[in-house]
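The structure under discussion appears below in the form of structure tokens.
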Amino acid sequence: MRILLVEDDVEVARFVKKGLQEAGHTVEQAGNGRDGLFLAASEAFDLLVLDRMLPGGVDGVRIVETLRQQDNRTPVLFLSALSGVDERVRGLKAGGDDYLVKPFAFAELLARCEALGRRPSSEAPVTRLKVADLELDLLSRTVTRAGKKIDVQPREFRLLEHLMRHAGQVVTRTMLLEKVWDYHFDPQTNVIDVHVSRLRQKLDRGFDKPLIHTVRNAGYMIRAEG
Amino acid sequence: MAQGFPRSAPPRLLQSAAFRIALLFMGTFSAAAWLLVAVLWWATAGALDRQTIAAIRTDAAALAERHREEGLHGLIEAIEERLALDAAAETLYLLLDDEGIKLAGNLERWPTAIGEEGLWFRTRFDQDGVISEARVHRRDLPGLRLLVGRDESERVQLRLLLTEGVAWSLGGMFLFALLGANIVRRSLQNRMRPAVVTALGIAGGDLSRRVPLSDHGDEFDRLASTMNDMLDRIAALMAGVRSVSDAIAHDLRTPIARARGKLEESLATARTEEDWRAAVEQGIQDLDNISRVFQALLRIAEAEAGARRAAFAPMDLPEVLRDAAEFYEVMAEARDQRLETALPEHLVMVGDRDLLLQAVANLLDNAIKFTPPGGVVRLAARQEEGGIEVAVSDTGPGLPPEERARATDRFFRADASRNTPGSGLGLSLVRAVAQLHGGEVLLADARPGVAPPGLRVSLRLSDSLG
């Protein structure tokens, strides 16, 4: 992916840029809002990572608003020390697609970037999701593995759907909390792990190949081969 | 406060709002007085004037009639009769012929007009050495010129008197109004002074000042008590900020010191790469914990400051609670506990979904953490008089009464729970959320008299927050 990072803190920018490059992405960087807006408007990127508070008179929210007015739909991830719910809402309302609060783990940032960057580009609704022999029918809301029906509860279905939509990508616990449960706080316990392991048990019972994999220090990933 | 001083001096006369208000009042008052005088003038002096004119007109008409009926002789006779009858010497007549020779009347010569031109005019004449004013009507008869008039000296006198009276009273009124304006200004300033003095004290840094209330119960007292409420609120906010900074100072420094110590130690002692890696990972974990505590503190402060009222929206509480129960059910199952719910179908209230959810999550998390395997955790909600109660009860060891009061303090950990993971911020967030929703948190035994008694934490929320 070609990513534009707009971040004024030199140290944070350096390590984010390095990490993203190591993960195989091309990264352009701007140190203030004006340069960031100029780059974002004049070149094509797959993803923008914007700090909210920026020097140069143009902050992250302004950049997004300006781009959206110009019908630029590049996905935007906000990276901000402003953690209040209203701040998050402001960022998302302005046209941001995701919001990550500082301090953050790099694995979390990478997972979110990849989730945003590889979103299906076509607006055509997907009705079936498939990973290896696991199939998810969004219309009848059924889950089958190797043709065998697996009973899951509604929330487990949504959990699995989210994992499958991002098959091959790391999905962190916080992302699951936000996207599947719409919780914007840290439950301070391993509840998510318990939910995932229950789902895993249901899917893997009677099969020798596990599909949901735990990614150490990051989260989970669903993929065909182990 | 550099600008504080010049503003604190009482305003000068013309700057004073009270004085301006009084002045305005005085203006309207004088306008009314002028109107009154005008009406009075028209009704008295004006009426006399009109009466005189009418009398002259009738008199002149009667004389003209006499002349037509009885000729010059009759006219002269009539004039002389009238003069003879006029004891007060108010009437004036003069009859001249074509050549200007006087035929009858008490005027010696044709008077010079000083007022209006034409048939009606005013004149001044000398009567026995006294200068008098008169209103005169001229009537031309065939071959004759007739003047009929009335002495107006008394009326002029009256008018003068009236003018003088009006002038004096208007002047007096102006003085009184000025005095009154000053008195109003002074008394308004006196009533406002306590508020001004208090505000100055507060601006100077003494937040404990309050505006004293008088027993009038008037607008000023209302203003004062509103101001006091506002000050109480500000003081509460300041206390909140202070307690957060205290909490940061006391309780965040410790984990930071611990993490720093550990890193420093491993720097000195780690030999293998594995050691290094373990130390760094431990350091990151410590930092994560610190930022988690920090986040929790900020959230509590946010809720306590009431800043999140903005996020208030109508919602159906049982839906939120069912979500939370479902979320934690797997936890309870994993620990071989049962999570029961007793929720009504609908319970509509206005609140902050996110914070309520987190509060209930904290309670469920606590209950599941402290209840032994095989126990029961119960989440219930019901409509009560004047509010909604959300209660989480468990069959755990409970909390001794002496520890309950402190349970919602920041960073409080019951002695028995020192070794359980957690920051000790859960219940203080619950309390802050309850307060934000106009309610409180109550702790009690879940099963009084039974050992272990269990703990029942109930969150009382007001449902009438708009």
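Residue numbers (my numbering), protein chains in the order written: chain A, 503 to 728; chain U, 1084 to 1549.
Glycine included, C-beta positions come from ideal geometry on N, C-alpha and C.
On a predicted model such as this, the values are computed, not experimentally measured, just so you know.
Cut-off 7 Å between Cβ atoms - residues of its own chain near residue i, not counting five sequence neighbours on either side
i        : result
K604(A)  : L581, S582, A583
E1160(U) : none
L1327(U) : It should be noted that the sequence gives Val, not Leu, for residue 1327(U). Answer for V1327(U): L1380, A1384, listed in chain order.
Nonlocal neighbours in the same chain, by C-beta distance under 8 Å from residue i, ignoring five residues either side
i        : result
G771(A)  : This structure gives no information on residue 771(A), because the portion of chain A shown stretches from 503 to 728.
R1501(U) : Its pLDDT being 48, under 50, R1501(U) is placed unreliably by the model, and the measurement read from it follows with that caveat. Correct list: empty, nothing qualifies.
G597(A)  : V566, E567, L569, R570, V578
I1373(U) : L1335, P1338, I1339, A1342
N1445(U) : G1509, L1510, L1512, V1513
P1427(U) : P1401, A1464, R1465, Q1466
L1202(U) : H1220, R1221, R1222
Residue nearest to residue i in terms of C-alpha spacing, selected from the options
i        : options                                : result
T1424(U) : R1418(U), E1486(U), V1443(U)           : V1443(U)
H697(A)  : L569(A), I714(A), Q531(A)              : I714(A)
R1293(U) : D1312(U), E1302(U), H1299(U), F1303(U) : D1312(U)
D511(A)  : E610(A), L552(A), V529(A), Y722(A)     : L552(A)
P1536(U) : L1262(U), L1426(U), A1143(U), A1450(U) : A1450(U)
F1453(U) : L1123(U), A1415(U), L1168(U)           : A1415(U)
G1226(U) : L1158(U), R1382(U), A1529(U), V1324(U) : L1158(U)
I1367(U) : K1345(U), A1386(U), A1353(U)           : K1345(U)
A515(A)  : F659(A), Q531(A), D537(A)              : Q531(A)
P1338(U) : D1477(U), G1254(U), L1370(U)           : L1370(U)
H1333(U) : V1376(U), L1123(U), A1517(U)           : V1376(U)
G593(A)  : E637(A), D639(A), R554(A)              : R554(A)
Q1378(U) : S544(A), Q690(A), G708(A), F659(A)     : Q690(A)
P1456(U) : A1147(U), G1522(U), D1477(U)           : D1477(U)
L1593(U) : E1173(U), I1214(U), N1189(U), A1171(U) : Given a span of 1084 to 1549 for chain U in the structure shown, any question on residue 1593(U) remains unanswerable.
is_contact[residue i, chain U] using C-beta, thresh 7 Å
i       : result
D695(A) : no
H668(A) : no
V587(A) : yes
T691(A) : yes
R700(A) : yes
D706(A) : no
F687(A) : yes
Within 7 Å, strictly: CB atoms of residue i and residue j
i        : j        : result
A1137(U) : R1268(U) : no
Q1441(U) : F687(A)  : yes
G1470(U) : R1543(U) : yes
R1487(U) : L1526(U) : yes
L1230(U) : V1219(U) : yes
A1474(U) : S1545(U) : no
L1131(U) : R1238(U) : yes
R1222(U) : A1121(U) : no
V1524(U) : R1514(U) : yes
L506(A)  : A542(A)  : yes
A1307(U) : L1290(U) : no
R1233(U) : I1162(U) : no
Q1420(U) : G1479(U) : no
R614(A)  : Y601(A)  : no
V693(A)  : A669(A)  : no
F1102(U) : A1322(U) : no
L641(A)  : T629(A)  : yes
V1413(U) : R700(A)  : yes
I652(A)  : K704(A)  : yes
L661(A)  : I724(A)  : no
Q671(A)  : E616(A)  : yes
Y1411(U) : L1447(U) : yes
Chain A contact for residue i (CB, 7 Å cutoff)
i        : result
S1099(U) : no
M1414(U) : yes
S1374(U) : yes
D1448(U) : yes
R1501(U) : The pLDDT assigned to R1501(U) is 48, lower than 50, so where the model puts this residue is not dependable, and the model offers no usable value.
Q1441(U) : yes
D1369(U) : no
A1417(U) : yes
A1444(U) : yes
Near the ligand NAP: residue i beta-carbon under 6 Å from a heavy atom
i       : result
E637(A) : Because no ligand of any kind appears in the structure shown, any question about the ligand NAP cannot be addressed here.
Close Cβ partners of residue i (< 6 Å) along its chain, the five nearest in sequence each way excluded
i       : result
E610(A) : T674
H527(A) : M503, I505
Could you name the residues of the stretch 592-609 of chain A whose beta carbon sits closer than 7 Å to any beta carbon of chain U, in the order they occur along the chain? P605
Taking beta-carbon pairs under 7 Å, can you tell me which members of the stretch 649-679 of chain A lie near chain U? Along the stretch 649-679 of chain A, going in chain order, the ones with a CB nearer than 7 Å to a CB of chain U are R657.
Using a Cβ cut-off of 8 Å, which residues of the stretch 1393-1411 of chain U contact any Cβ in chain A, in chain order? Going along the stretch 1393-1411 of chain U in chain order, one finds A1393, A1394, D1406, E1409, F1410, Y1411 with a Cβ nearer than 8 Å to chain A.
Output, in sequence order along the chain, the residues in the stretch 1375-1388 of chain U whose CB is closer than 7 Å to any CB in chain A. Within the stretch 1375-1388 of chain U, the residues whose Cβ lies closer than 7 Å to some Cβ of chain A are R1375, Q1378, L1381, E1385, listed in chain order.
Any C-beta of chain A within less than 7 Å: which residues of the stretch 1311-1333 of chain U qualify? none
Mind checking the stretch 511-522 of chain A against chain U and listing, in chain order, the residues whose C-beta falls within less than 8 Å of any C-beta there? none
Taking only beta carbons into account, state which residues of the stretch 1427-1439 of chain U come closer than 8 Å to chain A, listed in chain order. D1437
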